[in-house]
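Undergrad: Here you go, one structure.
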Amino acid sequence: MLGEFEYLLIAAAIRLGDYAYGAAIREELQTTTGRSCSIGALYTTLERLETKGFVKTWMGEATAQRGGRPKRMVCVTPKGVQAAKDFYEAIRNVSRGIRWAAN
Amino acid sequence: MGSQLSNVCLNLIASLLEPHEREVVLGDLTEAGESGFRSSLAVIGLITRRQVGLWRNWRPWLAAFGIALPGSLLLMGLSVSVSRSWQEYLGPEIMRASGLHLGLGFVLLLCNVFLLSAWSWIGGFVTGALSRRTLWVTAAFSFAPCVFCLERFRIEALSRLCLLLFLPGAVWGVWSGLRLARLRLSRALALAIAVTALTIPSWSQKGAWLPNWALSWPAWYLVAASRRTV
């Protein structure tokens, strides 16, 4: 089972598709969740996901915007997609029938 | 001026990352337009997480608390013992006497010199092989007792440097451990048997077995680790 941040990272990478790399994933997470995402959390989680076989990473192109430094591109594997789907289903199931009104 | 200084700091801090990761992280921070100070904090956070992650494994703990810390203390004791024996047997008066009646004491001294060299090299080798990316922390665990003992060394006839006789062998061992990681079974076995055999004369001494085994077990660890590759 994925952790919450692992799920968020995989979902952001899937949304970004071919443009998924470190800085873009970080920005996507900050925009969609409204929470800040540290570089440390991002890269240690990416490494863990890669070890588990949920994502693949490789060195991408260097751009002037990045001071001529390369990107770390991210691609979610079928195993990663399945894990994210399972996590989402679990959240949906566990949330079904809940009344969110504050007590 | 301020931003230049923060960039220098950032590059210095980032040099602790692996080269490929450093480039990617600095590129991400440049793209995000983070200030030098915030970027430095971000990189420190990543380095901290990486280090903490490394210490989730048992190997760095064993290297630091099982070998580096007790090993450096015991080897400093042996270094002083060997230095004193050397002074006793090969001091200027005896050399002048030209009798060279060195006898059993000299043989024991040679055994201790061999043991000091072998224990230092083996301890360094296993430390290097086990800790690798945490080596600087492990080195600090070895360095701290050395500073403590150097500070409190009170034998007038000996130089303080005698405490550190084990150091060249240990450094060589670390370098070998980082490079090779494992020894051939035949070599590891020969080393372990030789080291264990040379401790036999001290088995009868009460209380000697603990330091002996504290220093000898890495040799048998080398045997166990090499066996898997054969």
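These protein sequences, in sequence, are chains A and B. Heads up, the first sequence is in my numbering, so the first residue is 631 and it goes up one at a time. Heads up, the second sequence is in my numbering, so the first residue is 882 and it goes up one at a time. All residues carry an ideal CB built from backbone N, CA and C; glycine is no exception. In this text the structure is predicted, and so the values were computed from the model without any measurement.
Look up residue 703 of chain A in the DSSP assignment and say whether it is helix, strand or coil.
TA: Within the first sequence, the letter at position 73 stands for residue 703 of chain A. Strand.
Undergrad: Mind pulling the chain A residues with CB within less than 7 Å of residue 912 of chain B?
TA: Residue numbering aside, residue 912 of chain B sits at position 31 when the second sequence is read from its first letter. Per Cβ cutoff of 7 Å: 653, 695 and 696.
Undergrad: With a threshold of 16 other CB atoms inside 10 Å of the CB of residue 1107 of chain B, please say whether the residue is buried or exposed.
TA: The residue you call residue 1107 of chain B lines up with position 226 of the second sequence. Classification of residue 1107 of chain B: buried, given that the 10 Å Cβ count is 16 or more.
Undergrad: Distance check for residue 1104 of chain B and residue 1065 of chain B, CA to CA, integer angstroms please.
TA: One-based indexing of the second sequence puts residue 1065 of chain B at position 184. One-based indexing of the second sequence puts residue 1104 of chain B at position 223. Looking at the two C-alpha atoms, the distance is approximately 8 Å.
Undergrad: Nearest-angstrom Cα distance between residue 1070 of chain B and residue 936 of chain B?
TA: By 1-based counting over the second sequence, the position of residue 1070 of chain B is 189. By 1-based counting over the second sequence, the position of residue 936 of chain B is 55. Each residue's Cα considered, the two are about 30 Å apart.
Undergrad: Are the stretch 687 to 702 of chain A and the stretch 901 to 908 of chain B in contact at 8 Å, needing three or more beta carbon pairs?
TA: Result yes; three or more Cβ-Cβ pairs closer than 8 Å.
Undergrad: Using DSSP with H/G/I as helix, E/B as strand and the rest coil, what is residue 947 of chain B?
TA: For the purposes of this step, residue 947 of chain B is taken as the residue at position 66 of the second sequence. Residue 947 of chain B falls in the helix class under three-state DSSP.
Undergrad: Take residue 1080 of chain B as the anchor and find which of B:1040, B:1059 and B:959 has the nearest alpha-carbon.
TA: What you label residue 1080 of chain B is simply residue 199 of the second sequence in a count that begins at 1. Among B:1040, B:1059 and B:959, the Cα nearest to that of residue 1080 of chain B is on B:959.
Undergrad: Helix, strand or coil, according to DSSP, for residue 731 of chain A in the structure here?
TA: Position 101 of the first sequence, counting from 1, holds the residue named residue 731 of chain A. Note: residue 731 of chain A maps to coil in three-state DSSP.
Undergrad: Just to confirm, is the Cβ distance from residue 930 of chain B to residue 663 of chain A under 8 Å?
TA: As a first step, residue 930 of chain B is located in the second sequence; it is residue number 49 there, counting from the start. As a first step, residue 663 of chain A is located in the first sequence; it is residue number 33 there, counting from the start. No, the Cβ-Cβ distance between residue 930 of chain B and residue 663 of chain A is not below 8 Å.
Undergrad: Residues in its own chain within less than 6 Å of residue 949 of chain B by CB, not counting five upstream and five downstream?
TA: In the second sequence, counting from the first residue as 1, residue 949 of chain B sits at position 68. The residues are 1008, 1019, 1022 and 1023.
Undergrad: Could you give the C-beta distance for residue 685 of chain A and residue 714 of chain A, rounded to a whole number, given that I count them as a contact under 8 Å?
TA: As a first step, residue 685 of chain A must be located in the first sequence, where it is residue number 55. As a first step, residue 714 of chain A must be located in the first sequence, where it is residue number 84. Their Cβ separation, rounded to whole angstroms, is 10 Å, which puts residue 685 of chain A and residue 714 of chain A out of contact at 8 Å.
Undergrad: Between residue 1132 of chain B and the rest of its own chain, which residues show a CB-CB distance below 7 Å, the 5 nearest in sequence each way excluded?
TA: In this structure chain B extends from 882 to 1111, so residue 1132 of chain B is not present and cannot be described.
Undergrad: For residue 936 of chain B, which three-state DSSP category applies?
TA: In the second sequence, the residue the question calls residue 936 of chain B occupies position 55. In the structure shown, residue 936 of chain B sits in coil (DSSP, three-state: anything other than H, G, I, E or B).
Undergrad: Please state whether the Cβ-Cβ distance between residue 1004 of chain B and residue 1091 of chain B is less than 8 Å.
TA: Reading the second sequence from its first residue, position 123 is the one you call residue 1004 of chain B. Reading the second sequence from its first residue, position 210 is the one you call residue 1091 of chain B. No, the pair does not count as a contact, with Cβ atoms beyond the cut-off.
Undergrad: At a CB-CB cut-off below 9 Å, which residues of chain B make contact with residue 725 of chain A?
TA: Indexing the first sequence from 1 puts residue 725 of chain A at position 95. Neighbours of residue 725 of chain A on chain B: none; closest Cβ ~31 Å, over 9 Å.
Undergrad: Give the straight-line distance between the Cα atoms of residue 658 of chain A and residue 891 of chain B, rounded to the nearest whole angstrom.
TA: In the first sequence, residue 658 of chain A corresponds to position 28, counting from 1. In the second sequence, residue 891 of chain B corresponds to position 10, counting from 1. Each residue's alpha carbon lies about 25 Å from the other.
Undergrad: If you reduce the DSSP assignment to three classes, tell me which class residue 1087 of chain B lands in.
TA: Position 206 of the second sequence holds residue 1087 of chain B. Correct three-state label for residue 1087 of chain B: coil.
Undergrad: Taking the DSSP output, what are the residues bridged to residue 651 of chain A?
TA: Locating residue 651 of chain A in the first sequence gives position 21, counting from the first residue. The partner list for residue 651 of chain A (beta bridge, DSSP) reads A:703.
Undergrad: With distances taken Cα to Cα, identify the nearest neighbour of residue 1006 of chain B among B:898, B:893 and B:1102.
TA: To locate residue 1006 of chain B, count along the second sequence from 1; it is residue 125. The residue with the shortest Cα to Cα distance from residue 1006 of chain B is B:1102.
Undergrad: Closer than 6 Å by C-beta to residue 865 of chain B: which residues in its own chain qualify, once you throw out the five before and the five after it? Chain order, please.
TA: Nothing in the structure corresponds to residue 865 of chain B, since chain B is present only between 882 and 1111.
Undergrad: In whole angstroms, what separates the C-alpha of residue 632 of chain A from that of residue 669 of chain A?
TA: Numbered from its first residue, the first sequence carries residue 632 of chain A at position 2. Numbered from its first residue, the first sequence carries residue 669 of chain A at position 39. In a straight line, the C-alpha of residue 632 of chain A is about 20 Å away from that of residue 669 of chain A.
Undergrad: Where does residue 1058 of chain B fall in DSSP's three states?
TA: Numbered from its first residue, the second sequence carries residue 1058 of chain B at position 177. In the structure shown, residue 1058 of chain B sits in a helix (DSSP, three-state: H, G or I).
Undergrad: What residues from the stretch 647 to 673 of chain A come within 9 Å of chain B, judged by C-beta to C-beta, listed N to C?
TA: Result list: 651, 652, 653, 654, 656, 657, 668, 669, 670, 671, 672 and 673.
Undergrad: Counting only runs of 3+ residues fully inside the stretch 658 to 723 of chain A, write out the beta strand (DSSP E) ranges in chain order.
TA: Listed in chain order, they are 685 to 693 and 699 to 706.
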